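To start, the structure under review is shown below, and the notes come after it.
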Amino acid sequence: MGDDIRSSDADRMTVTLNGTPTAVARGTTVSDLLTQLNIVRERVAVEVNLAVIDRDAFAQAILHEGDHGEIVSFVGGGMDERLRIGPIELKSRLIVGTGKFKDFAETKRVIDASGADMVTVAVRRVNILDHASENLLDYLNPKDYHILPNTAGCYTADEAIRTARLARSAGISDLVKLEVIGDQRTLFPDNEALLEAAKVLVKEGFVVLPYTTDDPIMAKKLEDIGCAAVMPLAAPIGSGLGIRNPYNLRIIRETIKVPVIVDAGVGTASDAAIAMELGCSGVLMNTAIAGAKYPLMMAEAMRDAVHAGRLAYLAGRIPRKLYATASSPLEGLVD
């Protein structure tokens, strides 16, 4: 809120908005607040201290110190707002890789079952000797999916930059999932080279989604240079170990403003749900689905897990307690 930053402490007060203490200027109306938050007033309902404010009264409803406000929007099927990454708006918070499936037809079936509308694709040489060979994009029309080229297999910043440029020259999009691998055995990213490559590609107008470690400092650096999202690993690529360090993921989510998308290490649906319950914006996976005994069934499970985890995060879980708390009322017990 730019106006608040310029005001002195004496001109500021604290109100609680959607559960978060927020500093606003004294005299701020509901209408002022929605304007500062870039919220379209025709699409929301506002409650202050448990009283619903009529839309016609937004300009007259003045907020006061200690007020509790709720701003809610209307969405279909219980889902929250769509995920926005740079200029891209996604219907699904599940992003699926296209490798390791038995053929392109299975890839298409699985993607459709997952509900994902963004898919990652590797950039590889064309087989110039086989003119009849199939292409993945024959099955996944870029008009129906957001195609996210990745720089998988690149071990230097120069390799990753070159691969990204080649992908964009193919005319698909300016998106790139940026990977610079630092170790062949673990496939952990080389964060120094990643940052170097990201700086170049951001300056060239790419929408950069970097695969990184679960390091909050590196996540902030990647945000600061202009990356559209940050994609920390949950565990090594393809390991299926699940969320190894939920605390770092939570710190990253609380530290940066761009979307946090968990990438690598998810093994089953509960892993995806945990990532979303931590407040992450989305989950990207490939092996967990492609390597399952029944990939189509796992794709459906992952779709539902991401949905459930997001709703659970928005609903707000109960606090953890050491001892029991009775759920049934104790009043009126028969003596």
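Note that my numbering has the sequence shown beginning at 892, numbered continuously upward. Even for Gly, the Cβ is constructed at its ideal location relative to N, Cα and C. In this text the structure is predicted, and so the values were computed from the model without any measurement.
Specify the secondary structure class of residue 1135 as computed by DSSP and reduced to three states.
-> coil
Sequence-distant residues of the same chain with beta carbon closer than 7 Å to residue 1033, five excluded per side = 1063
Take residue 1083 as the anchor and find which of 1048, 931, 1058, 1074 has the nearest alpha-carbon.
-> 1048
Excluding sequence positions up to five away, which residues of its chain have a Cβ less than 8 Å from the Cβ of residue 1002?
-> 987, 989, 1010, 1031, 1036, 1190
Skipping 5 residues on each side, what residues in its chain have a beta carbon closer than 7 Å to that of residue 1146?
-> 1107, 1110, 1111
Can you grab the Cα-Cα spacing for the pair residue 1139 / residue 1105, in whole Å?
-> 6 Å
Inter-residue Cα distance where the pair is residue 1144 and residue 1133 = 18 Å
Find out if the Cβ-Cβ distance for the pair residue 1039, residue 1014 is shorter than 9 Å.
-> no
Grab me the residues of residue 954's own chain with a C-beta within less than 6 Å of its C-beta, minus the 5 sequence neighbours each way, in chain order.
-> 906, 919
Boundaries of the beta strand (DSSP E) in which residue 1153 is found, first to last residue = 1152-1154
Reference residue 1168, options 1181, 1177, 1152, 1092, closest by Cα | 1152
Quick one, are the C-beta atoms of residue 1103 and residue 1137 less than 9 Å apart?
-> no
Within 10 angstroms of its Cβ, does residue 945 collect 16 or more other Cβ (buried), or is it exposed?
-> exposed
Backbone CA spacing between residue 1045 and residue 1121 [nearest angstrom] = 18 Å
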